[in-house]
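Listed in order, the protein sequences are those of chains A and B. Numbering-wise (the numbering used here), the first sequence opens with residue 1 and increments by one. Numbering-wise (the numbering used here), the second sequence opens with residue 1001 and increments by one. Beta carbons: idealized from backbone N, C-alpha and C, even for Gly.
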Amino acid sequence: KNEVEQSPQNLTAQEGEFITINCSYSVGISALHWLQQHPGGGIVSLFMLSSGKKKHGRLIATINIQEKHSSLHITASHPRDSAVYICAAPVRVDSNYQLIWGAGTKLIIKP
Amino acid sequence: NAGVTQTPKFQVLKTGQSMTLQCAQDMNHNSMYWYRQDPGMGLRLIYYSASEGTTDKGEVPNGYNVSRLNKREFSLRLESAAPSQTSVYFCASVGHARFEQYFGPGTRLTVT
């Protein structure tokens, strides 16, 4: 069983739709990292959250620490949101932290 | 701030050749990481450095060496490149929140 599971693996939607990507984790400290990988390959940090909800533009991330579950929402989706979205859970290794990565959700927004 | 920079962006090597991938960050971060990403796959940790002067193996260290030259720079060396090392290599550093990683643009390496 993967320690960080994302769903769905692939998602295709029409422009304007509300998008939800889910992440469940069984490891790590009480925090979760959401990242975006563009079609060109670059990786961008979106959110690091340990409680409640964070919002940045049309992106909203929520986390339920007790249930070890997080969701990433995109409102009014646009073709430029097409990317792979990855969640990762920080785990402590000796005195440092490493990330346990989800497999990613490939999102395609059609115009 | 340039953030995390990597050089080169692209490289083609012949089997057996050596090369060093360079990574630098200007955010005063303590921890730095090297990952590889194979086509259609997730990131795998090669080596990491919790602080200047320390390095530790990650999930897939074989065939690689690293050097944490100073707080800013963390290099990855392939002593004798193999086709199995064809991949995209990402460097990352960890911010002051200790968990949030910032990534460089990647180096696309092909070994023929």
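### Query
What is the rounded straight-line gap between the Cα of A:Arg155 and the Cα of A:Lys68?
Outside the displayed range of chain A (1 to 111) lies residue 155 of chain A, so it cannot be described from this structure.
### Message
Could you tell me the alpha carbon to alpha carbon distance between A:Val27 and A:Glu3, rounded to whole angstroms?
### Response
In the first sequence, the residue the question calls residue 27 of chain A occupies position 27. In the first sequence, the residue the question calls residue 3 of chain A occupies position 3. Their Cα atoms are separated by approximately 6 Å.
### Message
In whole angstroms, give me the CA-to-CA distance for B:Met1019 and B:Thr1007.
### Response
The sequence position of residue 1019 of chain B within the second sequence is 19, counting from 1. The sequence position of residue 1007 of chain B within the second sequence is 7, counting from 1. Answer to the nearest angstrom: the Cα atoms are 11 Å apart.
#### Entry: Partners in chain B for A:Ile43, counting only beta-carbon separations shorter than 7 Å
The residue you call residue 43 of chain A lines up with position 43 of the first sequence. The contacting residues are Phe1090, Phe1103.
### Query
Cβ of A:Ala143 less than 8 Å from any chain B Cβ?
Shown here, chain A extends from 1 to 111; a query on residue 143 of chain A therefore has no answer.
### Message
Based on DSSP bridge pairs, tell me the residues matched to B:Asn1028.
### Response
Residue numbering aside, residue 1028 of chain B sits at position 28 when the second sequence is read from its first letter. Note: B:Asn1028 sits in no beta bridge, so no partner.
### Task
Under 7 Å between beta-carbons, which chain A residues line up against B:Phe1099? List them in chain order, please.
Locating residue 1099 of chain B in the second sequence gives position 99, where the first residue counts as 1. Here the neighbours are Ala31, His33, Met48, Pro90, Tyr97.
### Query
Taking C-alpha atoms, which residue in B:Met1027, B:Thr1005, B:Gln1022 lies nearest to B:Val1094?
One-based indexing of the second sequence puts residue 1094 of chain B at position 94. Comparing Cα-Cα distances from B:Val1094 to each of B:Met1027, B:Thr1005, B:Gln1022, the minimum goes to B:Met1027.
### Message
Which residues in chain B have a C-beta closer than 7 Å to the C-beta of A:Ala83? List them in chain order.
### Response
As a working mapping, residue 83 of chain A is identified with position 83 in the first sequence. By Cβ distance, chain B contributes nothing, its closest Cβ being about 14 Å from A:Ala83, past 7 Å.
#### Entry: Option in B:Arg1068, B:Leu1076, B:Leu1043 with minimal Cα separation from B:Ser1049
Within the second sequence, residue 1049 of chain B is the residue found at index 49, counting from 1. Selected option, being the one with the closest Cα: B:Arg1068.
### Query
Beta-carbon separation of B:Tyr1089 and B:Trp1034 under 8 Å?
Walking along the second sequence from the start, residue 1089 of chain B turns up at place 89. Walking along the second sequence from the start, residue 1034 of chain B turns up at place 34. Yes. Within cutoff.
### Query
Exposed or buried, B:Arg1077, counting other C-beta atoms within 10 Å across all chains shown (16 or more means buried)?
Indexing the second sequence from 1 puts residue 1077 of chain B at position 77. Per the 10 Å Cβ criterion, exposed.
### Task
Taking C-beta pairs closer than 7 Å, name the residues in chain E that A:Gly104 reaches, listed in chain order.
The chain inventory of the structure shown lacks chain E, comprising the protein chains A and B.
### Task
Determine the DSSP secondary structure at A:Ser26, reduced to helix, strand or coil.
Taking the first sequence and counting its residues from 1, the one referred to as residue 26 of chain A is at position 26. Coil, per DSSP.
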